[in-house]
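Structure record follows, encoded as C-alpha cells.
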Amino acid sequence: MSILVNSETRLLVQGITGGEGTFHTEQMIEYGTKVVAGVTPGKGGTKWQDKVPVFNTVEQAVRETGANTTVIFVPPAFAADAILEAIDAGIAVIVTVTEGIPVKDTIVVKEALNRSGSRMVGGNCPGVITPGQAKVGIMPGFIHQPGRCGVISRSGTLTYEAVKQLSDRGIGQSTCIGIGGDAINGSTFVDILKLFNADPDTDSVVLIGEIGGTAEEASADYIKANFAKPVVAFIAGRTAPPGRRMGHAGAIIAGGKGTAAEKIAALKTAGIHVADSPADIGATLEQVLKKGK
Amino acid sequence: MKIHEHQGKEVLRRFDVAVPRGGVAFSVDEAVKVALSLGTWPVVVKAQIHAGGRGKGGGIKLANSEAEVRELAGKMLGMNLVTHQTGPQGKMVQRLLVEERMAIARELYAGIVLDRATFRNTFMVSTEGGVEIEKVAAETPEKIVKAAIDPVAGFQPFQARKLAFALGLSGDAFKAGVKFLTGLYRAYEAVDASLAEINPLVVTKDGKVVALDAKINFDDNALFRHPDLGEMRDLSEEEPAEVEASKYDLNYVKLNGNVGCMVNGAGLAMATMDIIKLHGGEPANFLDVGGGASAETVENGFRIVLQDPNVRAILINIFGGIVRCDRVASGVIEAISKVKSNLPVVVRLEGTNADVAAKMLEESPLKFIVAHDLADAAKKAVAAVGARK
Numbered sequence: 001m002s003i004l005v006n007s008e009t010r011l012l013v014q015g016i017t018g019g020e021g022t023f024h025t026e027q028m029i030e031y032g033t034k035v036v037a038g039v040t041p042g043k044g045g046t047k048w049q050d051k052v053p054v055f056n057t058v059e060q061a062v063r064e065t066g067a068n069t070t071v072i073f074v075p076p077a078f079a080a081d082a083i084l085e086a087i088d089a090g091i092a093v094i095v096t097v098t099e100g101i102p103v104k105d106t107i108v109v110k111e112a113l114n115r116s117g118s119r120m121v122g123g124n125c126p127g128v129i130t131p132g133q134a135k136v137g138i139m140p141g142f143i144h145q146p147g148r149c150g151v152i153s154r155s156g157t158l159t160y161e162a163v164k165q166l167s168d169r170g171i172g173q174s175t176c177i178g179i180g181g182d183a184i185n186g187s188t189f190v191d192i193l194k195l196f197n198a199d200p201d202t203d204s205v206v207l208i209g210e211i212g213g214t215a216e217e218a219s220a221d222y223i224k225a226n227f228a229k230p231v232v233a234f235i236a237g238r239t240a241p242p243g244r245r246m247g248h249a250g251a252i253i254a255g256g257k258g259t260a261a262e263k264i265a266a267l268k269t270a271g272i273h274v275a276d277s278p279a280d281i282g283a284t285l286e287q288v289l290k291k292g293k
Numbered sequence: 001m002k003i004h005e006h007q008g009k010e011v012l013r014r015f016d017v018a019v020p021r022g023g024v025a026f027s028v029d030e031a032v033k034v035a036l037s038l039g040t041w042p043v044v045v046k047a048q049i050h051a052g053g054r055g056k057g058g059g060i061k062l063a064n065s066e067a068e069v070r071e072l073a074g075k076m077l078g079m080n081l082v083t084h085q086t087g088p089q090g091k092m093v094q095r096l097l098v099e100e101r102m103a104i105a106r107e108l109y110a111g112i113v114l115d116r117a118t119f120r121n122t123f124m125v126s127t128e129g130g131v132e133i134e135k136v137a138a139e140t141p142e143k144i145v146k147a148a149i150d151p152v153a154g155f156q157p158f159q160a161r162k163l164a165f166a167l168g169l170s171g172d173a174f175k176a177g178v179k180f181l182t183g184l185y186r187a188y189e190a191v192d193a194s195l196a197e198i199n200p201l202v203v204t205k206d207g208k209v210v211a212l213d214a215k216i217n218f219d220d221n222a223l224f225r226h227p228d229l230g231e232m233r234d235l236s237e238e239e240p241a242e243v244e245a246s247k248y249d250l251n252y253v254k255l256n257g258n259v260g261c262m263v264n265g266a267g268l269a270m271a272t273m274d275i276i277k278l279h280g281g282e283p284a285n286f287l288d289v290g291g292g293a294s295a296e297t298v299e300n301g302f303r304i305v306l307q308d309p310n311v312r313a314i315l316i317n318i319f320g321g322i323v324r325c326d327r328v329a330s331g332v333i334e335a336i337s338k339v340k341s342n343l344p345v346v347v348r349l350e351g352t353n354a355d356v357a358a359k360m361l362e363e364s365p366l367k368f369i370v371a372h373d374l375a376d377a378a379k380k381a382v383a384a385v386g387a388r389k
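For the protein sequence lines, the chains are A and B, in the order given. Following the numbering used here, the numbering of the first sequence begins with 1 at its first residue and continues without gaps. Following the numbering used here, the numbering of the second sequence begins with 1 at its first residue and continues without gaps.
Laid out in C-alpha cells, this is it:
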C-alpha cells in the first residue's frame, strides 16, 4: 500500500502546456507515473507532445480518461479556480504545486474541500511520491527508495535532504508528502498522520516542521493520543527572527507565537524524537528503529 | 506588505470607516498647510514609520498653534525615532500625519487576522485598548472576544452586534460601533489584508467610534489584484539589500551574524542557518535563491550577501534535485568569478552529478572550499570565519 498516490494513480496535469507543467510532466512520466490527461482551457482536442490528450475542462478529462488524481501547475491568480474545478469534477486527490496563491482564495478552497470528497495537498508544495510507484509533483525521484518510512514536511529541498539521509542509510519510504509552505494547507500534518496511522505499510514517520502556526503542536497532541508508530521530527527556524517571513508565506513568528522552541517542546513532551541538527534526521530515525527491535 | 498609518486610514476612509480628519505631510510647510486646513486646535502631529510604540519614543505630539506645528514638524522630520519595535538603531522619520485631536472617552481594541488553526479570519475585540494585544492575550485572555468569519456567509450583522456589545457600547456609540466593525471587515476583505488592527479604537465624548491608529498589512501574494495598493510600498522603510533581493525574486532577510548563506528552498535555508548556529557560528542572513538556482540567481544572491559588511565567509548550500549539480557548479563558478571577493566560499552541492560538480569546484582557480554534506559545510564555514579573525 502507501498513501494518496500509487500504481493505480491516473494523473491529470492542470496547466500541462505551460513551461513548468511540461518540464515536470516529462519527469513524472519518466519516473513511471501514469499521466492520462492534461487540461488547458482553449487547447482541448490537442495532444501534449503527441502523447497526452489535452482537454478544455477537468470534467471532460475525468469522463474520458478516468483520471483520479490531479497535479496543479496553474499560475497563482488562476489556481483556486483550477482547484475548485477539480473538486467539482470529483477528483479524489489534488496536488497543488503552485506557489503564491492569495490567502483569501485558499480560505474558500479549504471550505470547498471540507464539503467535498476530495483531498488536497499543498499549495506551495513539492507534491507526493510513493517510491517505485508514482511521483506526483516536482521532487527528484532518484533520491527516494521504496520502503516503510512515511515522510511529511512543510518544505521542499529540506525534505529532499531528509529523504536522501534516509535512503543513504537503507531506510526506504512508503510515501513522502510535502504539505506546503503556505499559512493554510489543503492537508495538515494531522490529516496525513491519520493516513499513515491506517497504512499497514508505514512503520515509522519523519515529520519536518518549521516556524509559524501551530500545526506541529497539533501533531504532537494527535501523536500522543493516537499514534503508536515511531516518529522523528525536525523543526527548521530556531535562528529565525520574530515578525519576519522566512521565504514561505507560512513561516513567520507572529505575536511571539509559532517559535521553533515551542514546537520542539510540544513534540518532545509527546515522546517524539526531535533531531537537533538537520544533518541528523536520518541517523536519529536509524537509532530509534534499532532500539525498537 | 506593510504600509504607514496615514495610508491605512486612507484605505479605511474608502470603506466609510471613521478616522480622524487629517493628512500626510513630507515637509514643514505641508504640515502647516494640513493643520490650518483642519480649522481646529490643537492638532496631533504623528511621525510615520513602520513600527509601533511611537508615542513613547516622542513621535506623537500635540500642537496648539501654527508656530507649534512648524516647530514640531521641524524637529520630527529627519529625526531618528527609536521605539521598542525599531531596535536601538531607530528609524528615520520622513513623513508626518497631521490630524484633528479626538476627545477620547474610552480606548478599545479591534483587530482582524487569519486564524491558521481554524482556517478562518477571526475578528477580535477588547475593552483593553491602547496596550499590546499580545499582552492582553497572555495576561487576561477573557478580555478578548472573538468572532470567526464563515468563508461562505461572510461577516454577519449578529457578529458585529456581539462584538459591539462586548465592547460595552450602547446607544449611538453602539450603532456607530456596528457600522465601524462592519466597514472594517469589508475593507479587510476587499483589499486582501493579512492584518487590520485598530489600537486604540476610541469612543469620543460625543459618542463617535473612530480609528485613532490603523495598522493594515497586505497579503503579498494578492498584490497583483491591487496595483494601487502596491504603490503604497515605502521602500525607504525596508532594508536596502532586502529591497534589491525582492527585485530579483529572491527571499533575503538580514540577520546579525557573519556567515553569509545562500540556499535553494526556504526550509533548507532556515535549516542551514540553524546548523551554522549549532556548530558555533552565527548566520548573517536568510537567503532562498529558489528551487532552480541558475547562474543568474546565484550571481545576484552572491552580490546581495556581500553587501553586508559583517560577512566573513559564505556558505552556498544547494540541493540540486532535478537540476544537475554540474550545471549549478558552472553557474556558481561563473557568478563568483564576476563578483570580486576575497572571502572564503564553502560550497555544498547535492544531487545528480554531485561528484563531478565537486571536482569542478576544487579545480577552479577560485579556491572554493568544497563540503560533502550539510554538517561538513557548516563546520567548514564556521572554521573559515574563525581562521579570518
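Cβ coordinates follow ideal geometry from the N, Cα and C atoms, glycine included. Computed from a prediction, not measured in an experiment: that's the story for all the values here.
For B:Y252, the enclosing beta strand (DSSP E) begins and ends at N251 to K254. Distance check between A:L285 and each of A:Q173, A:L11, A:G178 and A:I91 places A:Q173 closest, using alpha-carbon atoms only. The beta carbon of B:E139 lies closer than 6 Å to none in the same chain, with the five residues before and after it left out. Taking 7 Å as the cut-off between beta carbons, the residues of the segment 262-293 of chain B near chain A are N264, G265, A266, G267, L268, A269, M270, A271, M273, D274, I275, K277, L278, P283, F286, D288 and G291, in sequence order.
Judged by their CB atoms, B:P200 and B:G154 are not nearer to each other than the 7 Å cut-off.
Within the DSSP bridge table, the entry for A:Q14 names A:V39 and A:I72 as partners. Bounds of the alpha helix (DSSP H) holding B:M360 are A354 to E363. Within the segment 107-184 of chain B, the complete alpha helix (DSSP H) segments of 4 residues or longer fall at 133-139 and 157-166, listed in chain order.
Distance from the Cα of A:L113 is smallest, within the candidate group A:T188, A:G170, A:K224 and A:T239, for A:T188.
When C-beta distances to chain A are compared with 8 Å, the residues of the segment 311-328 of chain B below that value are F319, G320, G321 and I322, in chain order. Annotation for B:D326: the continuous alpha helix (DSSP H) segment containing it runs C325 to K338.
In its chain, beyond the 5 residues on either side, H50 have a beta carbon closer than 6 Å to the beta carbon of B:E237. Here B:L366 is exposed. Its C-beta has fewer than 16 other C-beta atoms within 10 Å.
With respect to the 7 Å criterion, A:D191 and A:A249 are not classified as neighbours on the basis of their beta carbons. The alpha carbon of A:K110 has as its nearest neighbour, out of A:G186, A:T269 and A:A67, the alpha carbon of A:G186. Sequence-distant Cβ neighbours of B:S65 in its own chain, meaning closer than 8 Å and more than five residues away, are W41. With respect to A:G209, A:A251 sits apart: the two C-beta atoms are not nearer than 7 Å. A:A236 counts as buried, since no fewer than 16 other beta carbons sit within 10 angstroms of its beta carbon. With 16 or more other CB atoms across the displayed protein chains lying within 10 angstroms of its CB, B:A222 is buried. When DSSP reads this structure, A:G122 sits in a beta bridge with A:T96.
Just measuring C-alpha positions, the residue of B:A137, B:V152, B:I133 and B:M124 sitting nearest B:A160 is B:M124.
Within a 10 Å sphere around the beta-carbon of A:K291 sit fewer than 16 other beta-carbons, which makes this residue exposed.
Here the C-alpha atom of A:I171 lies approximately 20 Å from the C-alpha atom of A:L4. Remark: C-beta atoms of B:M102 and B:T182 do not approach each other more closely than 7 Å.
With a beta-carbon spacing of about 4 Å, B:V69 and B:A35 fall inside the 8 Å limit used to define contacts. DSSP, read as helix, strand or coil, puts B:H6 in helix. Nearest neighbour of B:K146 by Cα position, chosen from B:E132, B:L169, B:K175 and B:D115, turns out to be B:D115. For B:F218, the enclosing beta strand (DSSP E) begins and ends at K215 to F218. Residues of chain B with a Cβ closer than 8 Å to the Cβ of A:K104 are, in chain order, E189, D192, D219 and A222. Contact between the segment 254-265 of chain B and the segment 305-314 of chain B is present: three or more C-beta pairs spanning the two stretches fall below 8 Å. Between A:F234 and A:P278 a beta carbon distance of about 6 Å is seen, short of the 8 Å cut, so the two are scored as contacting.
Taking C-beta atoms as the reference points, A:I223 and A:V231 count as a pair closer than 7 Å. Inclusion of B:Y252 and B:N300 in the CB contact set at 7 Å is not warranted, their separation being larger than that value.
Taken atom to atom, the span from the alpha-carbon of B:D288 to that of B:E350 is near 16 Å. For chain A, the residues of the segment 148-170 of chain B that bring a beta carbon within less than 7 Å of one of its beta carbons are P151 and V152, in chain order.
Judged by pairs of C-beta atoms under 8 Å, the segment 208-226 of chain B does not touch the segment 22-38 of chain B, as fewer than three such pairs exist.
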